[in-house]
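What follows is a short report on a single structure.
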Amino acid sequence: MENNDRTLDYIIEEMIDTVKNSKDEVFEIAEDSRKEYDQLNQELAILKDDVGTVIEEGDHLEAKSNIARQKLSEVSKNFHQYSELKIKKVYDEAHQYQSELLVTRDKERALRKRRDELELRLKSLEQMVERADRLVGKISVVLNYLSEDFKNVTDLIHDAHEKQQFGLKIIEAQEEERRRLSREMHDGPAQMLANIMLRSEIVDRTYKKGDMDSAVKEMRSIRKMIRDSLYEVRRIIYDLRPMALDDLGLIPTIKKYISTLEDKHPNIYFNNKQSHDARLASQYEVALFRLIQESIQNAIKHAEADSIKVDLDITCQRVIVIISDNGKGFDQTQKKEKSFGIIGMQERIEMLDGNMKINSKVGQGTKIHIKIPLNQENIHTK
Ligand SMILES: Nc1ncnc2c1ncn2[C@@H]1O[C@H](COP(=O)(O)OP(=O)(O)OP(=O)(O)O)[C@@H](O)[C@H]1O
Ligand SMILES: [Mg+2]
């Protein structure tokens with residue numbers, strides 16, 4: 001899955017790269033077209049000037065040619081009045097103007113054609129630049145989407161994967177817990193009971209032999225064994241789920257729990273500031289107990305602290321729990337493979353819409369701040 005995450009990242013990077021390149025290319029096309037547009041525009045201005053000039057020239061020539069033709073027709077009507085030389089001159093002149101006029105009109109036509117072509121080309125260039133600009137805008141949107149929103153997809157997939165892994169780990173942890181329990185039952189109460197069985201047979205025999213003193217002594221030792229077994233069984237039951245939680249409620253259960261830890265850690269202080277004596281809904285009491293239990297366990301297991309403090313403050317609107325120790329602290333960015341305590345705490349808190357802040361720095365102790373909102377429905381008055 002880690003690999004898949006990376007593959008997806010890679011694909012997204014590639015897509016972003018490709019889209020970025022396309023954007024640059026389209027931008028370049030737009031720039032080239034803009035340059036060509038400017039050039040052609042200048043050319044068009046010159047061309048328009050030329051067209052004007054050539055039209056003027058043509059008009060001028062036409063006027064001259066008309067005058068020459070008039071002259072020619074007059075000379076032709078009265079040709080006996082003119083010398084042959086004069087006639088030829090008038091004729092040549094008319095002919096000259098006529099052909100010059102033809103050439104100029106041809107030139108005008110060619111220039112006009114080129115002008116119209118240029119105008120068409122300019123229009124299509126203009127449209128192309130517009131389209132390219134619009135395309136660059138659209139590509140930018142896609143690019144943003146890819147590099148911002150789409151990136152979150154990887155995170156989402158990663159989260160979902162972590163949740164799934166977490167589910168599997170919970171099952172594993174449950175199995176491990178069962179294994180531990182069966183071992184504890186086997187090594188503790190089961191063995192003690194077998195021992196008691198044996199011892200009671202000894203009592204039976206000594207009693208039959210009439211050795212009362214030994215029988216009484218044996219009975220005393222059996223009683224001690226029964227007491228120890230009872231303690232063990234109670235402890236195991238308590239670890240499974242403190243019955244006191246249902247019977248007595250959260251605060252007495254926490255106090256009882258802390259008192260069972262006295263031999264493991266003598267300085268655990270509990271401070272309760274509950275402003276009313278109502279009970280919380282069962283899932284809240286269980287969650288709070290487990291949160292406090294895990295935090296205390298962590299402080300005992302990892303912190304090497306002199307003292308551990310639990311502050312509980314319950315009002316009608318919310319519960320605040322602060323668990324602090326003055327131990328060695330830890331770096332929260334370093335994730336441990338087989339550690340589920342804190343992840344489990346987070347899950348429980350999330351389910352109740354609460355939040356948790358852990359303040360811990362190596363060498364400076366740890367302070368866990370938990371806040372869970374309450375409302376009328378979660379509080380049961382006695
Ligand atoms: N109060 C603390 N002081 C120092 N280090 C801590 C404390 N609480 C947690 N840690 C560190 O954070 C790690 C993760 O804690 P977490 O409760 O998630 O797992 P764990 O205690 O190692 O195992 P698990 O709770 O699953 O039995 C611990 O292994 C420990 O290194
Ligand atoms: Mg733990």
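Just so you know, UniProt numbering puts 27 at position 27 of the sequence shown, and the rest follows in order with no gaps. Ideal placement from N, C-alpha and C gives every residue a C-beta, glycine not left out.
Residues of its chain near residue i, where Cβ-Cβ distance is below 6 Å and the 5 sequence neighbours each way are ignored
{"i": "Pro189", "result": "Ser229, Glu232 and Val233"}
{"i": "Gly365", "result": "Asp325, Asn326, Gly327 and Gly329"}
{"i": "Asn359", "result": "Lys367"}
{"i": "Leu248", "result": "none"}
{"i": "His369", "result": "Ile322 and Lys357"}
{"i": "Lys107", "result": "Val54"}
{"i": "Ser50", "result": "In the sequence under discussion, the amino acid at residue 50 is Asp, which differs from the Ser named in the question. Answer for Asp50: Leu111, listed in chain order."}
Contact test: residue i Cβ vs ligand 2 heavy atom, cutoff 6 Å
{"i": "Gly341", "result": "yes"}
{"i": "Asn298", "result": "yes"}
Residue i burial status per 10 Å Cβ neighbour count (16 or more: buried)
{"i": "Asp325", "result": "buried"}
{"i": "Thr7", "result": "exposed"}
{"i": "Val362", "result": "exposed"}
{"i": "Thr53", "result": "exposed"}
{"i": "Ile314", "result": "buried"}
{"i": "residue 383", "result": "Here the chain comprises residues numbered 1 to 382, so residue 383 is not present and cannot be evaluated."}
{"i": "Thr104", "result": "buried"}
{"i": "Glu201", "result": "exposed"}
{"i": "Ala110", "result": "exposed"}
{"i": "Leu303", "result": "Sequence inspection shows Ala at residue 303; the Leu mentioned does not correspond to that position. Burial call: buried."}
{"i": "Met351", "result": "exposed"}
{"i": "Asn152", "result": "exposed"}
{"i": "Val90", "result": "buried"}
{"i": "Ile372", "result": "buried"}
{"i": "Met212", "result": "exposed"}
{"i": "Leu156", "result": "exposed"}
{"i": "Leu85", "result": "exposed"}
{"i": "Pro242", "result": "buried"}
{"i": "Ala45", "result": "exposed"}
{"i": "Glu218", "result": "buried"}
{"i": "Ala160", "result": "exposed"}
{"i": "Leu312", "result": "buried"}
{"i": "Tyr145", "result": "exposed"}
{"i": "Met345", "result": "buried"}
{"i": "Leu374", "result": "buried"}
{"i": "Ile296", "result": "buried"}
{"i": "Ser83", "result": "exposed"}
Cβ-heavy atom distance, residue i to ligand 1, below 6 Å
{"i": "Asp325", "result": "yes"}
{"i": "His158", "result": "no"}
{"i": "His302", "result": "yes"}
{"i": "Phe166", "result": "no"}
{"i": "Phe330", "result": "yes"}
{"i": "Thr366", "result": "yes"}
{"i": "Lys336", "result": "yes"}
Contacts around residue i, its chain only, beta-carbon distance under 7 Å, and the 5 residues preceding and following it disregarded
{"i": "Gln165", "result": "none"}
{"i": "Ile292", "result": "Ile254, Val310, Val321 and Ile323"}
{"i": "Ser147", "result": "Ile16"}
{"i": "Asn378", "result": "Leu280, Ala281 and Tyr284"}
{"i": "Asp331", "result": "Val362"}
{"i": "Ile87", "result": "Val75 and Phe79"}
{"i": "Leu72", "result": "Val90, Tyr91 and Ala94"}
Same chain, Cβ closer than 8 Å to residue i, five either side skipped, listed in chain order
{"i": "Thr260", "result": "Arg235 and Tyr238"}
{"i": "Val129", "result": "Ala30, Ser33, Arg34 and Tyr37"}
{"i": "Arg121", "result": "Leu40"}
{"i": "Ser221", "result": "Arg199"}
{"i": "Glu62", "result": "Leu101"}
{"i": "Ser140", "result": "Lys23"}
{"i": "Met197", "result": "none"}
Ligand 3 heavy atom lying under 6 Å from the CB of residue i
{"i": "Lys48", "result": "Absence of ligand 3 from the depicted structure is noted, with ligand 1 and ligand 2 being the only ligands included."}
Interface flag, residue i vs chain D, CB-CB below 7 Å
{"i": "Ser214", "result": "Absent from the structure: chain D. Only one protein chain is present."}
Whole alpha helix (DSSP H) runs in the region 300-360 with 4 or more residues, listed along the chain? Qualifying alpha helix (DSSP H) stretches, in chain order: 341-351.
Quick one: which unbroken alpha helix (DSSP H) runs of 4-plus residues sit fully inside the region 247-303? Chain order, please. Those alpha helix (DSSP H) runs which fall completely within the region 247-303 and span 4+ residues are 250-260 and 282-298.
Which runs of the beta strand (DSSP E) fall wholly inside the region 145-204 and span at least 3 residues, in chain order? Taking 3 residues as the minimum length, the region 145-204 contains no beta strand (DSSP E) run wholly inside it.
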